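Residue numbers (the UniProt record's numbering), protein chains in the order written: chain E, 1 to 319; chain A, 1 to 319; chain P, 1 to 319; chain R, 1 to 319.
Glycine included, every Cβ here is placed at the ideal spot set by N, Cα and C.
All figures in this text were calculated on a predicted structure; none of them were measured in a lab.
See below for the structure under consideration.
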């Protein structure tokens with residue numbers, strides 16, 4: 001393999017730049033030429049492809065977002081899109097591809113490999129909802145962003161409003177809510193993986209008040225219920241008049257944490273190693289604190305599960 | 001004057017602790033005894049009063065919130081409440097009072113002075129909506145909190161959503177929106193002091209797109225319209241499907257900035273100076289970069305105005 | 001077991017409070033009484049012991065330092081000290097102890113267990129230099145503090161000074177230097193585990209300059225050489241006139257990151273589980289992303305090793 | 001005037017980008033063409049000049065450093081350098097110049113104006129040591145960086161070392177030390193403007209210890225004495241064994257604060273206004289909370305003075 005390319009796809013995540021940088025520098029170090037593809041699979045199909053050198057990825061490691069831009073492009077699920085993409089890659093003499101993104105991006109990587117074009121996936125998404133890795137790139141940064149908001153809200157505990165709700169990202173996965181809630185001492189954590197009963201939440205808040213707590217914070221994953229709707233129900237069932245914070249895309253931004261940059265660097269380098277061995281159809285990840293690769297089809301079949309023990313611990317520690 | 005007291009009232013603001021610390025330490029330095037009153041005017045009426053020493057305010061300077069707690073207590077507007085408050089103060093031999101808070105708190109301070117109890121107001125509120133001072137304690141911190149969110153949102157500019165709305169605090173005053181919007185390069189800033197026309201906003205976004213901008217950020221003061229409602233109107237009038245961030249009480253928290261701590265320290269010390277001269281009915285502030293005092297009744301009459309030149313500048317610089 | 005105690009010992013680390021909170025709340029949840037010991041083993045010997053309740057550890061999770069204070073107390077290595085300590089514990093009816101700290105603290109925990117008093121160690125130190133755990137509490141926070149400094153220095157790349165040295169903590173262990181250097185894209189990383197040759201460093205800087213780099217950053221672990229001395233040698237061998245930053249104890253402070261708080265919470269809870277099973281002489285930790293316990297004597301025998309692959313990767317990625 | 005240019009010079013400061021962006025966007029808004037000059041006066045002499053458009057300064061507002069690069073170039077003090085510079089400007093049809101920097105840069109601006117080329121200075125330096133403005137661009141950011149370090153050090157107050165020294169920037173001016181020391185509650189502040197007596201410092205530390213303080217922090221401006229030398233003297237005179245932090249260039253970096261960005265934006269816009277009126281030989285600034293301009297020769301004659309009242313207040317509040 002002489003020439004590889006890298007793209008970022010789907011929702012952006014802090015650390016995507018660090019991963020792309022690692023692909024470029026490791027690739028060049030190993031004697032490869034490395035190309036960047038702008039705007040994900042859309043750019044791939046459109047031939048938005050350009051050569052990268054060592055300097056192209058300088059001053060990038062600490063930046064949020066992705067210098068390769070990203071896009072959602074469902075049309076890549078079609079045979080036509082995939083063939084067009086491979087055609088573009090061949091036009092540039094590119095023999096292997098690294099795709100940084102989430103679930104949807106992995107499907108694209110899988111499809112390209114099945115059509116004979118070796119492609120490796122790197123898990124880049126703040127949601128931590130991908131199998132085959134204990135952590136996705138961007139999760140740690142998003143977590144600390146939420147935690148910072150949570151800490152700030154706690155500071156105002158002394159004003160008259162006593163209950164606060166933070167709506168965080170997570171359509172199908174509750175990791176951001178769970179980890180930030182545990183780290184921030186939230187009184188209740190609402191995640192897609194566990195049903196919640198409003199009466200129990202209210203009882204919990206009542207108990208806290210009874211033992212002298214001056215305030216309560218509830219973290220709600222957006223996939224379960226919106227923060228505003230949760231507040232409405234809480235007012236109805238429990239006479240709590242909560243203030244709502246909706247962080248939204250703030251969670252996708254920011255300079256990546258040390259953990260995310262190191263993870264991204266290691267995964268990017270490993271992806272290059274795999275392509276040099278001509279191995280596609282794999283997703284790299286960190287499992288049991290080791291950099292690994294897994295069959296991307298298997299990864300797509302499995303479902304990321306939330307840590308039940310941590311969920312219970314969060315309940316115990318915020319009594 | 002031998003003995004003074006300090007309380008915080010209304011919505012809390014970062015730097016209230018720094019101001020209270022300054023009152024305590026400056027007071028003791030000058031040979032006074034200083035008492036703290038918990039829970040604002042409510043605590044005053046209830047006699048929630050305790051002596052403070054140098055150590056009571058150690059390790060506080062950098063903390064958000066207020067160690068004296070705060071409360072809203074509209075009942076203090078009554079003659080009964082005020083007389084009860086003065087009775088409590090006299091019971092403890094206290095001869096002067098410092099009130100840290102916003103507009104509502106100033107009314108309390110004015111009333112006490114009119115009834116013969118010398119009281120000085122310190123402007124502590126994130127909204128920067130008090131006259132007699134160019135800046136209120138907490139404004140600079142809140143501003144930087146909003147700006148941090150705005151910067152993070154800008155990082156994700158490359159994903160497919162192009163328009164973002166941040167709803168910030170400000171019921172009647174647009175300073176948080178204006179300053180954060182100018183500092184963050186927002187494409188539009190919606191404040192209570194200026195009517196907005198949705199068609200103009202849409203035109204502005206269109207122009208930005210036309211000249212190559214990849215994204216737009218709009219800062220909306222909550223007093224004008226909610227972020228969600230603004231998004232609805234934007235979708236209706238302009239086919240922009242914006243993502244909304246509602247920061248809420250995150251803006252009240254956090255460790256105070258250097259500016260807020262220095263301002264708080266200087267204002268707290270000046271308030272003590274005034275009480276030692278037996279001067280009540282005043283509000284301290286910073287005007288033209290100098291620590292000043294103004295008649296609190298006059299301050300309550302005037303309305304804080306937004307800087308028109310800065311508002312226009314924000315429009316010019318985000319073309 | 002009815003009654004346990006917790007102390008922090010040695011150099012403090014962000015997250016110690018989170019760990020102590022977890023011990024207290026998990027203990028009370030399980031029906032135990034939990035005592036806090038101030039000033040580590042010194043306070044243990046002096047009987048500086050007091051009961052803690054749920055509220056004692058409120059508002060602590062996000063705080064740096066340790067509310068139980070810490071102390072270095074080499075005298076605890078003596079039989080006399082240990083017997084006195086056990087006597088004090090028995091006086092309070094305490095049957096099990098949790099010690100949060102580093103290597104030295106583990107020796108104390110081991111000694112107490114050998115004398116029949118069940119004691120469990122929790123790894124709390126920023127240096128990440130303890131065996132039996134992949135990460136110590138405080139490491140992630142320290143890392144991000146160093147990284148923040150490194151990023152800021154990179155910002156000034158454009159001024160005329162081209163070479164910067166950051167001296168970071170790490171007497172015998174290079175993990176802080178290695179991880180921050182990799183995450184921050186440092187051009188050279190000097191750690192105790194690998195000899196460095198100044199000529200190679202100079203050659204590396206020269207190469208970077210030649211390919212267009214505008215600046216270089218070198219991270220130096222204090223255990224190898226001081227930042228100033230390194231700068232002197234660099235000037236002598238390479239005509240580079242570097243500016244030096246010495247972060248010092250800044251690295252020990254700050255609000256713990258999400259990772260450190262979650263780790264601390266999980267380890268604290270596990271330590272209580274072990275004591276409830278009457279198991280002492282163990283050190284808890286995280287290995288392969290799982291919470292584990294190891295024989296503390298074994299842990300003390302093993303040496304934490306630095307990740308050679310990461311070290312090499314840092315070299316590759318900063319070309 | 002149809003065409004203007006902007007350069008940054010001297011040590012870089014956070015907010016320089018924001019100022020340059022304002023010059024560019026305001027200029028274009030007013031119908032001018034705006035050119036950027038790389039590497040300050042050095043680049044001016046070398047003709048390192050290129051046209052800027054609205055997009056050239058996109059995504060810059062929040063970045064530290066300066067995208068125009070900077071350089072120290074003492075040779076610009078010569079007639080030859082200045083004439084060469086003007087020749088280059090004329091070659092590009094440029095009729096007015098904005099110089100962002102400190103004292104040295106102002107001398108260049110003054111010289112150009114005296115030779116008939118209208119030049120306006122904008123105060124960009126973290127030291128806050130320029131007359132004609134109450135605040136320089138970058139000062140507020142540097143201050144908060146120092147304060148963050150100071151807060152982190154305070155967190156570790158409980159470990160056995162009790163005294164900490166932070167060496168901060170400030171060759172001839174103590175503003176960074178004074179403001180950060182006041183904001184951070186430092187027990188002693190050493191600035192160039194006031195002689196210090198080690199015996200007094202020691203006495204102050206002794207008193208603090210006596211009243212129960214667990215630690216002391218001393219902020220030292222580098223222009224007076226190095227942190228290490230101060231520590232040596234403190235050990236000799238007072239038996240205090242202090243730990244030293246040297247922040248160095250960390251203070252120059254980081255994303256500018258809201259205050260610095262707003263100030264930079266306003267000053268940049270005003271500089272363009274002045275050039276459009278064909279007025280050179282001026283330095284813009286903020287005085288008494290208003291944007292002003294002063295004769296640059298007068299500004300260079302005056303000396304920035306430190307606020308004596310604030311210095312005394314810092315002493316009072318850290319008892």
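Contact between the segment 108 to 119 of chain E and the segment 277 to 286 of chain E is present, with at least three C-beta pairs closer than 8 Å. Counting every other CB atom within 10 Å of its CB across the protein chains shown gives residue 243 of chain P a total of 16 or more, marking it as buried.
Residue-level contact check: residue 265 of chain P touches chain E, since one or more beta carbons of chain E fall below 8 Å from its beta carbon. Against chain A, the beta carbon of residue 144 of chain R has neighbours under 7 Å at 257, 258, listed in chain order. Separation of residue 193 of chain E and residue 170 of chain E (C-alpha to C-alpha, rounded to the nearest whole angstrom) is 11 Å. With a cutoff of 8 Å on beta-carbon distance, residue 261 of chain R and residue 313 of chain A are scored as not near each other. Taking residue 78 of chain E as reference, the option from E:122, E:163, E:45 with the minimal CA-CA separation is E:45. Collapsing the DSSP output to three states places residue 33 of chain A in a strand.
Taking all protein chains shown into account, residue 143 of chain R has 16 or more neighbouring C-beta atoms within 10 Å of its C-beta and is therefore buried.
Residue 180 of chain A reaches chain R at 258, counting residues in chain order whose Cβ is nearer than 7 Å. Looking at E:53, E:62, E:130, E:134, the one whose alpha-carbon comes closest to that of residue 106 of chain E is E:130. Considering only beta carbons, no part of the segment 268 to 283 of chain R lies closer than 7 Å to chain P. Against chain E, the beta carbon of residue 154 of chain A has neighbours under 9 Å at 64, 65, 253, listed in chain order. The way I'd put it, the segment 33 to 41 of chain R does touch the segment 66 to 81 of chain R; three or more beta-carbon pairs between them come closer than 8 Å.
The DSSP-derived three-state label of residue 223 of chain P is coil. Pairing residue 91 of chain E with residue 100 of chain P, the inter-Cα distance amounts to about 60 Å.
Pairing residue 17 of chain E with residue 216 of chain A, the inter-Cα distance amounts to about 22 Å. Nearest in C-alpha terms to residue 51 of chain P, of all of P:6, P:182, P:12, is P:6. One Cα belongs to residue 25 of chain P, the other to residue 81 of chain P, and the distance between them is close to 29 Å. Note on residue 295 of chain R: under 16 other CB atoms within 10 angstroms of its CB, so exposed under the neighbour-count rule. For chain P, the residues of the segment 183 to 212 of chain E that bring a beta carbon within less than 8 Å of one of its beta carbons are 183, 184, 185, 211, 212, in chain order. As for any beta strand (DSSP E) of minimum length 3 sitting wholly inside the segment 3 to 79 of chain R, the runs are 3 to 8, 33 to 37, 49 to 52, ordered along the chain. Rounded to whole angstroms, the separation of the alpha carbons of residue 27 of chain A and residue 43 of chain A is 21 Å.
Taking a C-beta distance under 8 Å as the contact criterion, residue 163 of chain E and residue 240 of chain E qualify as a contact pair. Collapsing the DSSP output to three states places residue 94 of chain A in coil. Shown here, residue 141 of chain R sits in a helix according to DSSP, grouped into three states. Separation of residue 271 of chain E and residue 272 of chain P (C-alpha to C-alpha, rounded to the nearest whole angstrom) is 41 Å. Using a Cβ-Cβ cut-off of 8 Å, residue 243 of chain R counts as an interface residue toward chain P, since at least one Cβ of chain P sits closer than that to its own.
For residue 319 of chain A, the closest Cβ of chain R is nearer than 8 Å.
Of A:245, A:48, A:209, A:76, the smallest CA-CA separation from residue 146 of chain A is found for A:245. Using beta-carbon distances, residue 262 of chain P counts as an interface residue toward chain E, with a partner under 8 Å. Annotated as distal: residue 104 of chain R and residue 263 of chain R, with beta-carbon spacing of 8 Å or more.
Residue pairing by DSSP places residue 164 of chain R opposite R:217, R:243 in a beta bridge. Relative to residue 156 of chain P, the option among R:316, R:298, R:254 whose CA is nearest is R:254. Looking only at R:269, R:309, R:125, the smallest Cα-Cα distance to residue 30 of chain R is reached by R:269.
For residue 294 of chain P, the enclosing beta strand (DSSP E) starts and ends at 290 to 295.
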